[in-house]
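Q: Pasting in a structure now, in structure tokens, and then I'll have a few things to ask.
Residue numbers (our numbering): 3 to 314.
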């Protein structure tokens with residue numbers, strides 16, 4: 003059934019396998035995704051298509067420097083006829099929210115969104131309102147432009163289950179996109195799940211087996227980002243200021259389980275853990291200026307950890 007969702011998304015989104023898998027994994031695992039990529043690579047199309055295949059609500063907010071928290075979560079509005087205040091819900095009250103160019107909004111707006119992501123509710127005035135279930139934020143950040151942007155603090159980045167980097171399609175994929183877009187030849191997306199069957203599918207995730215050795219493998223990878231010397235990675239010790247938080251180990255556990263499920267297996271292998279280590283941990287490793295000087299990024303750190311720690 004879950005493969006049917008992926009097939010529906012691929013009717014419209016050409017390529018970008020990692021983005022499609024990450025959205026599905028995050029949605030069924032209760033997480034959120036941060037996407038870093040240049041404009042025009044089908045980020046909006048991807049999340050909108052996923053929503054249609056599941057019959058869920060979808061909204062998109064373009065983040066700008068003048069955006070206010072109330073523009074996202076909603077406001078108290080005076081009803082002149084009734085002479086009383088009423089609540090007007092903002093676009094955050096949806097199942098799938100695309101927060102486009104989140105780094106363009108000020109810290110107050112970012113904070114309001116991140117609180118909703120963590121608490122699954124928002125407070126307007128003196129009243130709290132639960133968000134729809136499921137609720138997933140797919141936030142995008144444009145790495146090309148830096149002027150007038152507010153980069154997310156490391157502690158805020160930790161709220162995202164995964165960070166995915168999306169580049170351009172290859173030549174053949176872009177040829178297909180060009181032909182389909184010019185002729186309006188994209189296939190019609192069918193709804194393959196409803197809310198009830200989605201909840202059943204999500205429950206099935208908990209039945210995916212993780213061996214004790216796999217659990218120890220996950221925790222060893224995460225711990226190695228904090229204390230590389232313990233795992234024979236002394237050469238990384240001077241480059242890492244902070245490693246992944248406990249949320250990193252929780253999310254790597256859940257993502258590995260969902261990855262195995264997406265592959266049609268009822269058990270997790272070391273390959274599932276290694277595949278998910280990059281999107282789950284890359285935004286949780288804080289490197290210092292020594293790493294920048296040595297041309298070392300988070301992906302290279304993760305690769306070295308995976309090469310050093312023996313898989314069970």
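Glycine included, every Cβ here is placed at the ideal spot set by N, Cα and C.
1. Taking the straight line between their C-alpha atoms, what separation do you get for residue 58 and residue 51?
2. For residue 227, count neighbouring Cβ atoms within 10 angstroms of its own Cβ and tell me buried if that reaches 16, exposed if not.
3. With three or more beta-carbon pairs closer than 8 Å as the criterion, would you say the segment 120-130 touches the segment 15-22?
4. Are the segment 60-67 and the segment 87-96 touching, with three or more C-beta to C-beta distances below 8 Å?
5. If the criterion is Cβ atoms closer than 8 Å, does the pair residue 35 and residue 24 meet it?
6. Classify residue 72 as helix, strand or coil using the three-state DSSP reduction.
7. For the alpha helix (DSSP H) that residue 60 lies in, which residues bound it at each end?
8. One question on the structure: do residue 43 and residue 170 come within less than 8 Å of each other, judged by their Cβ atoms?
9. Might you give, ordered along the chain, the residues of its own chain that have their beta carbon closer than 8 Å to the beta carbon of residue 216, omitting 5 neighbours on each side?
10. In angstroms, rounded to a whole number, what distance separates the CA positions of residue 168 and residue 48?
11. What residues match up with residue 129 in a beta bridge as DSSP calls it?
12. Between which residues of its own chain and residue 189 is the CB-CB distance below 8 Å, once the five residues before and five after are set aside?
13. When the Cα atoms are used, what is the spatial distance from residue 102 to residue 112?
14. Starting from residue 243 and walking both ways along the beta strand (DSSP E), at which residues does that stretch end?
15. For the 8 Å Cβ check, are there 3 or more pairs between the segment 292-302 and the segment 231-251?
16. So if DSSP puts residue 166 in a beta bridge, which residue, or which two residues, is it bridged to?
17. Give the C-beta separation of residue 100 and residue 56 to the nearest angstrom, bearing in mind that I take them to be a contact with Cβ-Cβ under 8 Å.
18. Going by CA-CA distance only, name the one from 265, 143, 173 that's closest to residue 41.
19. Do residue 308 and the ligand GTP come close, with the Cβ less than 7 Å from some heavy atom?
20. For residue 210, which of helix, strand or coil comes out of DSSP?
21. Who are the near neighbours of residue 256 in its chain, counting only those whose CB is closer than 6 Å to its CB and skipping five residues on each side?
22. Whole angstroms is fine: what's the gap from residue 300's alpha carbon to residue 184's?
23. Can you name, in chain order, every residue of its own chain whose Cβ lies under 8 Å from the Cβ of residue 219, other than the five neighbours on each side?
24. Assuming residue 89 is part of the beta strand (DSSP E), what are its boundary residues?
A: Quick look at the numbers:
1. What you label residue 58 is simply residue 56 of the chain shown in a count that begins at 1. What you label residue 51 is simply residue 49 of the chain shown in a count that begins at 1. So the two alpha carbons sit approximately 10 Å from each other.
2. Along the chain shown, one-based indexing puts residue 227 at 225. Label assigned to residue 227: buried.
3. No: the two stretches stay apart, fewer than three of their Cβ pairs being nearer than 8 Å.
4. yes
5. For the purposes of this step, residue 35 is taken as the residue at position 33 of the chain shown. For the purposes of this step, residue 24 is taken as the residue at position 22 of the chain shown. Against a cut-off of 8 Å, the Cβ pair of residue 24 and residue 35 comes out as a contact.
6. Mapped onto the chain shown, residue 72 falls at position 70. Note: residue 72 maps to helix in three-state DSSP.
7. Here residue 60 refers to the residue found at position 58 of the chain shown. Looking at the DSSP string, residue 60 is not in any alpha helix (DSSP H); the run it does join, the beta strand (DSSP E), is 60-64.
8. On the chain shown, position 41 is the one that residue 43 refers to. On the chain shown, position 168 is the one that residue 170 refers to. Yes. Within cutoff.
9. The count along the chain shown starts at 1 and reaches residue 216 at position 214. Once the five neighbours on either side are set aside, the close Cβ partners of residue 216 are 258, 270, 271, 272, 275, 314.
10. Counting from one through the chain shown, the residue named residue 168 turns up at place 166. Counting from one through the chain shown, the residue named residue 48 turns up at place 46. Between residue 168 and residue 48, the C-alpha separation is close to 12 Å.
11. Looking up residue 129 in the chain shown gives position 127. 126.
12. In the chain shown, the residue the question calls residue 189 occupies position 187. In the same chain as residue 189, and ignoring 5 residues on each side of it, the C-beta atoms closer than 8 Å to its own belong to 13, 14, in chain order.
13. Counted from its first residue, the chain shown places residue 102 at position 100. Counted from its first residue, the chain shown places residue 112 at position 110. Using only the alpha carbons, I get a separation of about 12 Å.
14. Counting from one through the chain shown, the residue named residue 243 turns up at place 241. That run of the beta strand (DSSP E) goes 242-244.
15. yes
16. Against the chain shown, residue 166 aligns to sequence position 164. Its beta-bridge partners are 37.
17. For the purposes of this step, residue 100 is identified with residue 98 of the chain shown, where counting begins at 1. For the purposes of this step, residue 56 is identified with residue 54 of the chain shown, where counting begins at 1. About 15 Å separates the two Cβ atoms, so there is no contact after all.
18. Here residue 41 is taken as the residue at index 39 of the chain shown, counted from 1. The option with the nearest alpha carbon to residue 41 is 143.
19. Ligands are entirely absent from the displayed structure, and the ligand GTP is therefore not among its contents.
20. As a first step, residue 210 must be located in the chain shown, where it is residue number 208. In the structure shown, residue 210 sits in coil (DSSP, three-state: anything other than H, G, I, E or B).
21. Taking the first residue of the chain shown as position 1, residue 256 is located at position 254. Closer than 6 Å at Cβ, skipping near neighbours: 31.
22. Here the question's residue 300 lines up with position 298 in the chain shown. Here the question's residue 184 lines up with position 182 in the chain shown. Distance between the alpha carbons of residue 300 and residue 184: 39 Å.
23. Counted from its first residue, the chain shown places residue 219 at position 217. Within the same chain, and ignoring the five residues on either side of residue 219 in sequence, the residues whose Cβ sits closer than 8 Å to its Cβ are 272, 275, 311, 313, 314.
24. Numbered from its first residue, the chain shown carries residue 89 at position 87. Run containing residue 89: 86-91, per the beta strand (DSSP E) assignment.
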